[in-house]
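Heads up, the working numbering is the position in the sequence shown plus 148, with the first residue counted as 1.
Where is the CB? At the ideal position from N, CA and C, for every residue including glycine.
Working notes, structure below.
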Amino acid sequence: MNLDQFLDRNWTDSYTCNEFACEVWQHITGEDLSQRLQNFLNGTGSFIPIDVPESPCIALFNRKNADFHVGIFFEGKLLHLTSKGVHYVHLEIVQGGFQQPRFYK
149 MNLDQFLDRN WTDSYTCNEF ACEVWQHITG EDLSQRLQNF LNGTGSFIPI
199 DVPESPCIAL FNRKNADFHV GIFFEGKLLH LTSKGVHYVH LEIVQGGFQQ
249 PRFYK
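Take a look at the structure:
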C-alpha cells in the first residue's frame, strides 16, 4: 500500500500526531479511529495491548513531562507526524527520544 499521499502533512495547532494517525489508520484499515483514540487518551476507552508490533497497529510513545505521541506501525516502520514533518522510519530510530513504546490494536 502506498502512503506517499501523507508525506506532505504538517503539524499545526489543529492537526497533530493524533489527527495524522487517525487519517492514516482510516486509509489503511477503513476504520475511523478518531473517537476511540480520543477516549483512550482521556482515560475513558481502551485498545487491545499487544507485546510485539504487527502491521498495522497503533504505537504510543511517551516522555517524562510530555503528552503522549502516537503513530502507526505499518510494514515494519513507524509512520508519524512531528513538528518537523512526517517520518516513516524504523522503530529503533524513534525510540531514542522516547520511553519504551506500547503497541495496540
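Query                                                                                                                                            : Result
Using only alpha-carbon positions, find the residue among 222, 198 and 238 that is nearest to residue 253.                                       : 198
Could you give the distance in angstroms between the alpha-carbon of residue 209 and the alpha-carbon of residue 178?                            : 24 Å
Note down, one range per segment and in chain order, each beta strand (DSSP E) of at least 3 residues found wholly within the region 170 to 220. : 205 to 209
Measure the alpha-carbon distance for residue 241 versus residue 220 and round it to whole angstroms.                                            : 15 Å
Does the pairing of the region 154 to 161 with the region 200 to 208 give three or more beta-carbon distances under 8 Å?                         : no
What span of residues does the beta strand (DSSP E) with residue 228 cover, start to end?                                                        : 225 to 230
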